[in-house]
Structures are given as structure tokens and as C-alpha cells.
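Take the first sequence: its letters are residues 12 to 462, numbered as in my numbering. From the three backbone atoms N, C-alpha and C, an ideal C-beta is built for every residue, glycine too. Quantities reported herein were computed from a predicted structural model and do not represent experimental measurements. Everything below concerns the one structure shown next.
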Amino acid sequence: VRGGGAEPDGQLSLDEAEAPADPAADARLAWELAGRQRELIEEFGLEPLLNEVEMPLIEVLAAMERVGVKLDAERLAEIGAGMAERIAQLQAEIYELAGREFTIGSPQQLGVLLFEELGLSRKRRGKTGYSTDARVLSQIRDEHEIIPRIEQWRELTKLKNTYLDSLPTLIDPETGRIHTTFNQVTAATGRLSSTNPNLQNIPIRSEVGRPVRSCFVAEPGHLLLSADYDQVELRVLAHVAGEDVLREIFASGEDIHTATAAEMLATDGREIGPAERSKAKMINYGIAYGLSAFGLADRLSIPREEAAAYIDRYFQRFPAVQRFIDETIERAEREGRVTTLLGRRRNIPELRSSNRQRKLLGERLAVNTVIQGTAADIIKLAMINCHRALADAGFATRLILQIHDELLFEGPETEIERAREIVVGEMKQAFDLDPPLQVEPGVGPDWLAAK
DNA sequence: CGGGACTCGC
DNA sequence: ATGCGAGTCCCGT
Ligand SMILES: [Mg+2]
Numbered sequence: 012v013r014g015g016g017a018e019p020d021g022q023l024s025l026d027e028a029e030a031p032a033d034p035a036a037d038a039r040l041a042w043e044l045a046g047r048q049r050e051l052i053e054e055f056g057l058e059p060l061l062n063e064v065e066m067p068l069i070e071v072l073a074a075m076e077r078v079g080v081k082l083d084a085e086r087l088a089e090i091g092a093g094m095a096e097r098i099a100q101l102q103a104e105i106y107e108l109a110g111r112e113f114t115i116g117s118p119q120q121l122g123v124l125l126f127e128e129l130g131l132s133r134k135r136r137g138k139t140g141y142s143t144d145a146r147v148l149s150q151i152r153d154e155h156e157i158i159p160r161i162e163q164w165r166e167l168t169k170l171k172n173t174y175l176d177s178l179p180t181l182i183d184p185e186t187g188r189i190h191t192t193f194n195q196v197t198a199a200t201g202r203l204s205s206t207n208p209n210l211q212n213i214p215i216r217s218e219v220g221r222p223v224r225s226c227f228v229a230e231p232g233h234l235l236l237s238a239d240y241d242q243v244e245l246r247v248l249a250h251v252a253g254e255d256v257l258r259e260i261f262a263s264g265e266d267i268h269t270a271t272a273a274e275m276l277a278t279d280g281r282e283i284g285p286a287e288r289s290k291a292k293m294i295n296y297g298i299a300y301g302l303s304a305f306g307l308a309d310r311l312s313i314p315r316e317e318a319a320a321y322i323d324r325y326f327q328r329f330p331a332v333q334r335f336i337d338e339t340i341e342r343a344e345r346e347g348r349v350t351t352l353l354g355r356r357r358n359i360p361e362l363r364s365s366n367r368q369r370k371l372l373g374e375r376l377a378v379n380t381v382i383q384g385t386a387a388d389i390i391k392l393a394m395i396n397c398h399r400a401l402a403d404a405g406f407a408t409r410l411i412l413q414i415h416d417e418l419l420f421e422g423p424e425t426e427i428e429r430a431r432e433i434v435v436g437e438m439k440q441a442f443d444l445d446p447p448l449q450v451e452p453g454v455g456p457d458w459l460a461a462k
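Pasting the structure below:
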């Protein structure tokens, strides 16, 4: 689609004013491009991925967009009203403590106030001035009463502006539901993305944000079914690396982060508590993202030597992960690209960079793309199979959202338990992974309750 | 209009 | 100096 349309997601508008000036030229362009793309697809061996995954997925995504998801606008408005009061109160207190009015939402003005006028500790600098991000604010929280109020103001205005005020305006008057657009081709790893609105970043982690999620509801007589993969990226890592110790942890059904902590930290018989689990969790995820000793030290607030020792210990316990990372990078350097389990391909020109920082970025991209991209391959297969299996069973349960490792369905309460069995089976069998895929289903009247 | 800072999700 | 996205606001152009 040529640029110039009003819709940010590229959807066609029927406004005559926005009709393409030369539709025949556009059609010839698409034809010409298709021919060239087909050659490359064949050359790269991408036909199976195209024909078995991406093409069949198109109608699944179209159906999801068409069905949409129901939003309880009244409940959303109630939450928003309470929040507006609290924001106004916070704003007044912030001005009072600042001794003047200013634009709280301007990091630049906020930096001047905090670090010049109030003399609080400067932590990090960005490109343009003092950083005032959430990490900095939490570090100086005890230095001035204004800080916790600014933190709360940030959290509440974010929720209100991005979700509470915006989502109701996107309810389609025809259907009374929200219809996102899933983009199949924007993410470099093969993930989907969601726009207008983005329904892949609805709050769940914070206490105040969580009620927003409960505003996504099932129709009367229906229920929502949420099914998410348990630790899919770490299972993919264990599979592609062939790491038997990691496989055994998954086979035992233990909590992966607690077990990793035990492997790494408890050799002297120390107890594994929440602090140890939290460290292991950061390392587990960090490995998949290419975390360095420097980065880990920063996040755990420990010396770099100690962080390096943790990482060494991790690779001692999981040596196949170390080999996988090294071999993935070496191969990517030779070939200039990586591929996922289903053959999805990403060029990584950063690996040929003479700039050290850029080269290291290339190494992280190489490893992460294999893991994240393979997980994306798997859930796409699951979507196709769930969609087909539910249709074959004659069920009215519909797939409505994908959130990277989670599928959300809506269906009549009379069939939802049978739908759950179909969905869990299809998701688990989507790919023959070792360790096996595990799926955690939940059912409820709203999205929060279903998790 | 676009970049930067920030924050939401996985 | 840990990956992938999107939306909002501010601010300079
Ligand atoms: Mg999960």
C-alpha cells in the first residue's frame, strides 16, 4: 500500500480524496515485486515457511481482527474517573513541593527541577540531559517527598492516557468491539505486532494497571479462555542447544528459576529463597537476550566480578548453552544470517561491523533471534492448528488475540471446557520440542480472571 | 512531522 | 554495556 493514507497501520481508506492517483501502476508494482520475491523465497528455501505457516496464518489473523474483543466501557470509565481525581491531587502536591508549576510530563523540565533546583543526586545522563526514568527515580525516592508523587503521577497518567481514555474511542460502533490490526511483517524475528490499538501490551504486572485488563470481557453467555506457553523461550533454548540439564529440570516439573538457582548457587547447601530465585530468573532471561557481566552487575547492583562469576557458573552447569551461543555466533559471522527452527531467516550485518559495540549487538541479535523467532514459529503453528481444530469440531469458540506466548479465545460457556482441551492439545503438539511444550490454560468472564 | 524519552507488554 | 514491539507526550523544526 502506498503511503499517504490516514491510517497508521496502512489500512485502505475509502475516502475519494485518498484514492491512489494511479491504481494500475500500483498493481503493476505489486506484480513486479511478487515475481522478484518469489525467486528469493525459492533461493532461500523459504517456500515451506511461506506455504505452511505465513500464508495459512493470514486468514486466521483476518478472522481474529474481524471478531475483535469486547470491552466493558462503563467499567473502564469508572476506573478512569477515580484515576483522574488522584492525578489532580498528585499534580497539586507536586507543584506545592516544587514551589512552582511546570510540565511534569517534560523530562527536560523535570530534570532541571530535581537536579538543579532541588539538588537531588544525579544518576545517569541521556543524550539530551539528566535521565529521569523509573530506575533513577526509584534510586532517589528517599531524597525528597516529591519523588514518590512523580512516580505515581507517571504510572497513573500512562494508564489513563494510553488505555483508559484511548481504548473506548476505538470501539467499533458497528460491532461494539475493539478490532486491532495484527502486523505479520514488521518484527525482525517473526513475531506479530498489534496496532490501533496495541492489544499486546495491556497492563497486568502492576496493581493499579491490572484492573484495565479486567475490562476485556466475554459476551453474555460466553467466557474467555487464555492459554499460555510455560517458559517457551527457555524450552526453545534447551531444545536448540540440546542442553540435557535444562531438559531434566523441565522434565522434573520444577520451577525453572528456583532450579537454576539451586544449580548455580546452592552448591554449599544454602537455601534457595526469593532473592536467589530472582537472580536466577534475571540470568535465565539475560542469557536469551545476550546479557553481559556488566549488564547483570548493573541490574543486580553487585560488582562486575561477582556477576561474571554467576555467568561462568551458569555456563558450567549448562555447557551446551555455552556451545550453542558460540556456534550460533560463529556461523552467523560466516553466513551473515541466522535461521530459526522453521527456516525463518534474518540477516545480521552488525556482525561485520568494525565498531565493537555494534559487533556485540550483532552477537546478541544472532542468539536472541533464533530463540525468539523459533518461539514465534511455534505459536504461529499453534494458531493455525487451533483455528482449524475448533472449526473442525464445529465449535463457536474463536481465537481473538495472540500475545507472543499466549492465545486468547472467546466461546460459549457450554463448550468452553471442551474447547480448552482442544486448544491445550493443539498448542502442546504444535511442534515436537524436547523438552516438551507445556501449556497453562485458564477460563473466566474477563481477561484478568482467565489468567 | 519526526526524534527522543518514557513506559506498557512478552 | 539484555532481545522484540507500540503509544503518548514533549519539543524542535
Ligand atoms: Mg507464560
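Residue 350 vs residue 200 beta-carbon contact at 8 Å | no
Residue burial classification, residue 391 (beta-carbon count within 10 angstroms, cutoff 16) = buried
Measuring CA to CA, which of 331, 354, 364 and 327 is closest to residue 344?
-> 364
Can we count residue 241 as close to ligand 1, meaning its CB is less than 7 Å from some heavy atom?
-> yes
I think residue 219 touches residue 166, with their Cβ atoms under 8 Å apart; what is that distance to the nearest whole Å?
-> 6 Å
Classify residue 540 as buried or exposed, calling it buried when 16 or more other Cβ atoms lie within 10 Å of its own Cβ.
-> The structure shown does not extend to residue 540, since the chain is modelled only from 12 through 462, so no value can be given for it.
For residue 117, count neighbouring C-beta atoms within 10 Å of its own C-beta (all shown protein chains included) and say buried if the count is 16 or more, exposed if not.
-> exposed
Just the C-alpha distance for residue 460 and residue 223, rounded to the nearest angstrom, thanks.
-> 12 Å
Nearest residue (CA-CA) to residue 397, options 339, 410, 246 and 132 | 410
Would you please state the rounded distance, in angstroms, between the beta carbons of residue 119 and residue 134? I believe it to be under 8 Å.
-> Going by Cβ atoms, the distance from residue 119 to residue 134 rounds to 16 Å, so no, they are not a contact pair.
Integer-rounded CB distance, given that residue 283 should sit under 8 Å from residue 272 = 5 Å
Proximity of residue 64 and residue 353 at Cβ, strictly below 8 Å = yes
Quick one: which unbroken alpha helix (DSSP H) runs of 4-plus residues sit fully inside the segment 134-210? Chain order, please.
-> 145-150 and 157-170
Report all residues from its chain with a CB closer than 8 Å to the CB of residue 446; omit the five preceding and five following residues, and keep chain order.
-> 246, 249, 250, 257, 258, 261 and 262
What are the boundary residues of the beta strand (DSSP E) that includes residue 234?
-> 233-240
Quick one: what does DSSP say residue 391 is sitting in, helix, strand or coil?
-> helix
Smallest Cα separation from residue 161: which of 202, 70 and 101?
-> 101
Going straight from the alpha carbon of residue 348 to that of residue 356, what length do you get?
-> 7 Å
In terms of alpha-carbon separation, which member of 85, 266, 47 and 186 lies closest to residue 285?
-> 266
The segment 139-149 touching the segment 81-100, judged by at least three CB pairs closer than 8 Å | no
When we look at the beta-carbon of residue 314 and count the other beta-carbons within 10 Å, is it buried (16 or more) or exposed?
-> exposed
Taking the alpha helix (DSSP H) that residue 120 falls in, what are its first and last residues?
-> 118-122
Would you kindly check if the distance between the Cβ of residue 388 and the Cβ of residue 243 is under 8 Å?
-> no
Considering only residues of the same chain and omitting the five flanking positions on each side of residue 334, which have a CB-CB separation below 8 Å?
-> 252
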